[in-house]
Each structure stands twice: as structure tokens, then as C-alpha cells.
Amino acid sequence: MDREAPMASNVDRKESQQNYPVLDSEVMVVGTGVSGLYMGIRLLDQGLDDFSLLEASDRLGGTWRDNTYPGIAVDIPSLSYSYTFEPNPNWSQLFSPGKEIYNYLNFCADKYKIRDKIRFNSKVVRTEFIVEDGIWAVHLANQTTLYCRYLVVATGILSQPVIPDFKGRSDFKGASFHTNQWDHDFDLTDKKVAIIGTGASAVQVVPAIASKVKSLDVLQRTPVWVLPRTNVRFSKTINAIFKRLPLLQWCVRQLIDTALELGMSATVIYRYIPWMTKGIEINGKKYLASQVKDPETRKKLTPDYDFGCKRMTMSSHYLRTFNRDNVHLLTEGIDRITAKGILTQDGVEHEYDAIVFATGFKTQQRGNNPSFEVHGLEGEELGAFWEQNRFQAFNGVSVPKFPNLFLTFGPYSGGLNWFTMIEANGRYIVRCLKEASQQKATYVEVKQSFHDAYFALMQKMSKNTLFVNGSCSTANSYYFDRHGDASLPTPFPPIWRWFRVRFSSLKSHRFEAQVPEEVKQTAAEHSQKRLAG
-17 MDREAPMASN VDRKESQQNY PVLDSEVMVV GTGVSGLYMG IRLLDQGLDD FSLLEASDRL
43 GGTWRDNTYP GIAVDIPSLS YSYTFEPNPN WSQLFSPGKE IYNYLNFCAD KYKIRDKIRF
103 NSKVVRTEFI VEDGIWAVHL ANQTTLYCRY LVVATGILSQ PVIPDFKGRS DFKGASFHTN
163 QWDHDFDLTD KKVAIIGTGA SAVQVVPAIA SKVKSLDVLQ RTPVWVLPRT NVRFSKTINA
223 IFKRLPLLQW CVRQLIDTAL ELGMSATVIY RYIPWMTKGI EINGKKYLAS QVKDPETRKK
283 LTPDYDFGCK RMTMSSHYLR TFNRDNVHLL TEGIDRITAK GILTQDGVEH EYDAIVFATG
343 FKTQQRGNNP SFEVHGLEGE ELGAFWEQNR FQAFNGVSVP KFPNLFLTFG PYSGGLNWFT
403 MIEANGRYIV RCLKEASQQK ATYVEVKQSF HDAYFALMQK MSKNTLFVNG SCSTANSYYF
463 DRHGDASLPT PFPPIWRWFR VRFSSLKSHR FEAQVPEEVK QTAAEHSQKR LAG
């Protein structure tokens, strides 16, 4: 990684005569998954060591710590699923299991000396910007309050599992759990099992447990497009070659990233090249026909929406699992959960020993990313702002009225390879912090005009995408928010966005030595109105 001159802290905590609380860290990063660890590594690399990472759990790793269900694996080639500055030559296969990703993140935390910067068992429940002092108060579940100058949200979008509010859910007498909270103490052997959902996790779980259980019912609301995934095991010789010739591994990664770029571009410029996704759909249907014997089951597994409306799903085992005598696809819909199992809308009660909820996560719902309240200026709360005004953030990183706050995974910044996106956003955040240091500023806020122009650009660019021009209404995709916007994926070709975030001017932000007087005045007036009314 490229190193610049060390960034000096703008607060000497020992000698300062300030009246506000002593800062626990100049910078606080919430989360220790892929994005949180990257922020720590990047901050250290740039000479800023006055920071801490807050982790709700007693271990780091984010989604790769929490998701341990049978069959879990990365859904893009492993050679591309790593930090660009820390390639891993030791992947066991092309699509490595989740445990290897988790081990890789722990390796990076130790190599770059991040672990000592982490405050474990520190769940954030609320944050607020103290306008009089220009600092953030970070309230933890254990009643502790920490203070920092800059707050970075790195909690990701896959940290809050969702279980629909099915009638009678608490009545079920058997085992039940979400794939994100897999109960490894429950033995599935010879059990009657139901899996609710057919998204990415179900596509991995279903073939992994089908041969072990007595019977497996897959309850499907929305079928998914499934493409074949040819997995290749890497021999020790291949690992040794990659270790000895890192340039070769880098070249292979570039080829993979280029393929991912083309795949993503097919959706973001769909208006001009609809034939690309249509071609994939033709191949997807051919693959489905070659895998599933029963015509009626094939029909039920055929999506009626365009490829790309949901995140790409790859498996060479999922579809053929429905040829097994003990595996059944149920599409009648759930009426309620009973003490014995599930009553479907056709009036049939299905009895189970266990119900597995493969029902996904909160992504853009309020209460996720971040999973805690964030109170900025004039009483504005980030989740409420997005809920009322649509998801928006300048460069996916900054929002007006939330000074000194940065997001590692904000609106319109997603892509197929999250490592690439996270590194781009992380570098941009650190650029802002370096600029603040150079200008001796302690107050950083994106300008409203730049923010609004960027959101208008997102809306304009979105008009070229599959999400606007294609047929996605029946996809039930987490790409779409409550406003109907596909505000998770970037509407740009990923490489274009990468260059924009990495090299765009910082004139979009105001850097002030202290909280501007007009900001304090407006905040005081708002506070008086709130108390009066």
C-alpha cells in the first residue's frame, strides 16, 4: 500500500483545554468485517493511528463470522475475493468455503496489527453529533458512552437477518433457526426439514443437506436464475506457484475482475445492450432443462423476471437436487406455522422436525446499515431521512447534516465484488481525513449542492439500467428499496465509479477549523423549537 506522511491528530487529548469530553479516539469505525478491517488497515498505512474499531461480538469477521451454515462459500472466484494489496495464494479451491474467508480476515487483522485496535463486545445502539463541540457521542449497549471526532459506519448490509412475521411462528415445537444463526447442535440426520426461501443461502444449503435429511421441503416464493458453477480444487503445486509468482495471481485476478465488470455492465447499461442479459437467460433455461427431470418442477423453478434483477446465483448442484426422491418444491405459499410444521395456502399441513429460515437480511430497511440510530444536525436521524427522502449519499459516503460521518457502503455503491467497492470508498474516506488534517480542520461536511447533484446523476444514470428498463416487478429483489429505487447497486460501470471515487475533487466538502457559527445557531434554534413544541 502507498504510504503518505503521518496524519496528525487534531486533538491533543493530554494538553487540550477543551470543555467537551475527552476523545476516546480521533476516529471510530463501527464493524470489523471486510470494510471495517480495511478502514483500520488503510488508516494505519496513512499514518493515522488514533482510531479504534467497535465490534458487537467477541470475534471479528462480520458476515463471514456469523454465517456458518452447511455449504457456505464465496459466490465469486476466490482469487478475486481479497484485498488487492494482500492476495491469498493459499485458497483451496476456485470458490472457497466461508471458513477460509473468515480465516483470511483474521490473518489480515493480525498481519496488519489491527486486532489491538478493536474494542470487542461493544455494540453501538445510538450515536449523536454534539454540535457545540463538533464530536460524536457513541452510546453502547452496556451503557458506556465513547467520544470521537470522526465516525465511520462499516456495518455492511448483511448483518441483520430477517424472519418474516409468519402467523403462529412461536407455536412450532421443533427446531427453527435462520441460516445466519445456524444451530450446529441440532443434528439434521434423518429429520424432516423445511427450508423457507430460495435465495443465495438456500441455493448453497439445499444440496449440502439433502443427502443427510429424511425429507427436505423447499418453500419457494420467487424462483432464482441459476448458472452453473464449475469449482476447481487448487493443488499444493498451484498454491506454491501463486506464492512464488504473485504477478501471475494478479493477472488471473484482473481477468476475473474484467469478467465481473462485463457482467455488471450488462445490467447498468441494459438500455443499450439488452441482448446480453437475454443471452444469459437463454443459457440459464437450457441449464435448468438439463438439470431437472420433472417438467412441472422445471416450470416452477423458471423465473418470470429478467436475469440481473436479483444478485447472480451460481451452483452446479442446487437444481439437480430436486431430482431426489426426498426433496420437494412447494410453491403454494405459507398460510401459517403450526405446532407440528407449516400449513400451506392449499390447506395442507406439512409436518417437520426443523424449519430453516433462508429468508435473507435487512438491506435497505430502516434499522440496517447502520443498525443503530445516527442523529446529526437539526434533529435529523439518518434512517428516518432515508426513509422519507430516498436513499442518497454523495459518492455513497457522505450525507449533508451528518458532519464528520462517513459510510463504507452507502447508497448506489454496490457491485459484484464488494472488496473492490470497499477499497474505493475506504480510500476516499481517508482522503477526506487527510485533507482535514492538512487544512487543520475539525469539521467536515459534504456540501448540499454537490450531494443533490450527485443524487440527480444517480437517478439519471439509473434510467439506463435493467432495474428501470427490464422486467423486475416479480423478482422480490433486495436491490430495490421501499421507494422502488434500485439504490444498492451502482448505476455506473464499476470501473467508472472506481475512478470517480478515487480521483474526484474534495471541493465537494467543506473543511472548517471548528463548527461554523451558523451551524451552531441553526442547531440552537431547532432545539428551542423542539422544546417549545
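Position 229, counted from 1, in the sequence shown is what my numbering calls 211; the numbers after and before it change by one each time, with no gaps.
Beta carbons: idealized from backbone N, C-alpha and C, even for Gly.
Model, not experiment: these values are computed from the prediction.
For residue i, the three-state DSSP class (helix, strand or coil)
i	result
Ala505	helix
Phe67	coil
Ile255	coil
Pro476	helix
Val450	helix
Asp317	strand
Arg409	helix
Arg(-15)	Its pLDDT being 45, under 50, Arg(-15) is placed unreliably in this model, and the coordinates cannot settle the point.
Lys489	helix
Ile96	coil
Pro75	According to the sequence as given, residue 75 is Gln; it is not Pro. If DSSP states are grouped into helix, strand and coil, Gln75 belongs with the strands.
Gly179	coil
Phe159	strand
Arg280	helix
Val234	helix
Val135	strand
Lys275	coil
Val497	coil
Arg484	helix
Phe457	In the sequence under discussion, the amino acid at residue 457 is Ala, which differs from the Phe named in the question. Residue state, collapsed to three classes: coil.
Thr249	helix
Ala192	coil
Lys445	coil
Gln510	helix
Asn350	coil
Contacting residues, own chain, Cβ-Cβ under 8 Å from residue i (five flanking each side not counted)
i	result
Trp118	Met10, Thr109, Glu110, Phe111, Ile112, Tyr129, Cys130, Arg131, Tyr132, Leu133, Asn386 and Leu387
Ser62	Arg235, Ile238, Asp239, Leu242, Asn399 and Phe401
Met(-11)	Low local confidence applies: a pLDDT of 45 at Met(-11) is under 50, so the model's placement there is unreliable, with the coordinate-based value given in what follows. Counting only Cβ-Cβ distances below 8 Å, and skipping sequence neighbours, we find Gln28, Gly29, Leu30, Leu415, Lys416 and Ser419.
Thr259	Ala248, Thr249, Tyr252, Asp288, Phe289, Gly290, Leu448 and Gly452
Glu331	Thr320, Lys322, Gly323, Ile324 and Leu325
Thr126	Ser104
Lys502	Val113 and Glu114
Asp40	Phe102 and Asn103
Thr171	Lys194 and Val195
Leu270	Val208, Arg280, Leu283, Thr284 and Leu301
Ser455	Tyr287
Residues bridged to residue i (per DSSP)
i	result
Trp118	Phe111 and Cys130
Phe154	Partner(s): none; Phe154 has no beta bridge.
Val310	In the sequence under discussion, the amino acid at residue 310 is His, which differs from the Val named in the question. Paired residues: Asp199.
Ala435	Its beta-bridge partners do not exist; DSSP assigns none.
Met296	Leu209
Arg101	Leu36
Glu355	Arg108
Lys174	Ser197
Glu243	Answer is none; Glu243 lacks a bridge partner.
Gly323	Glu333
Glu526	As displayed, the chain neither begins before -17 nor continues past 515, which places residue 526 out of reach and without an answer.
Val338	Phe159 and Ile177
Phe343	Pro143
Arg215	Gln75
Pro471	Gly396
Close Cβ partners of residue i (< 6 Å) along its chain, the five nearest in sequence each way excluded
i	result
Ala321	Asp153 and Lys155
Val309	Ala192, Leu198 and Thr303
Leu488	Glu417
Thr204	Asn458
His357	Glu110 and Glu363
Own chain partners of residue i with C-beta closer than 7 Å, once the 5 adjacent residues on each side are dropped
i	result
Met443	Pro473 and Phe474
Leu389	Val135, Ala375, Gly378 and Val379
Arg492	Glu427 and Lys429
Val497	Val113, Gly116 and Tyr425
Tyr394	Gly378, Met440, Ser469, Thr472 and Pro473
Within-7 Å CB hit, residue i to chain B
i	result
Phe67	The chain inventory of the structure shown lacks chain B, comprising one protein chain alone.
Query raised in the report: Are at least three pairs of beta-carbons, each pair with one atom in the stretch 294 to 310 and one in the stretch 460 to 475, less than 8 Å apart?
Result: no
Query - 4-residue-minimum alpha helix (DSSP H) runs that sit fully inside the stretch -10 to 63, ordered along the chain - result: 16 to 27 and 45 to 48
Query raised in the report: Looking at C-beta atoms only, is the number of pairs between the stretch 332 to 343 and the stretch 171 to 185 that lie closer than 8 Å three or more?
Result: yes
Query - the stretch 432 to 443 / the stretch 39 to 59 touching (three or more Cβ pairs under 8 Å) - result: no
Query - 3 or more residues per run - each beta strand (DSSP E) lying fully within the stretch 361 to 405 - result: 387 to 389
Query raised in the report: Pairing CB atoms from the stretch 349 to 356 with CB atoms from the stretch 138 to 151, are three or more of them under 8 Å?
Result: yes
Query raised in the report: Counting Cβ pairs closer than 8 Å, one from the stretch 92 to 109 and one from the stretch 478 to 495, do we hit at least three?
Result: no
Report task. Would you be able to state if there are at least three C-beta pairs under 8 Å between the stretch 202 to 214 and the stretch 357 to 377? Result -> no
Query raised in the report: Three or more beta-carbon pairs under 8 Å between the stretch 502 to 509 and the stretch 359 to 368, yes or no?
Result: yes
Report task. Check whether the stretch 156 to 168 touches the stretch 262 to 278, counting contact only when three or more Cβ pairs, one atom from each stretch, lie closer than 8 Å. Result -> no
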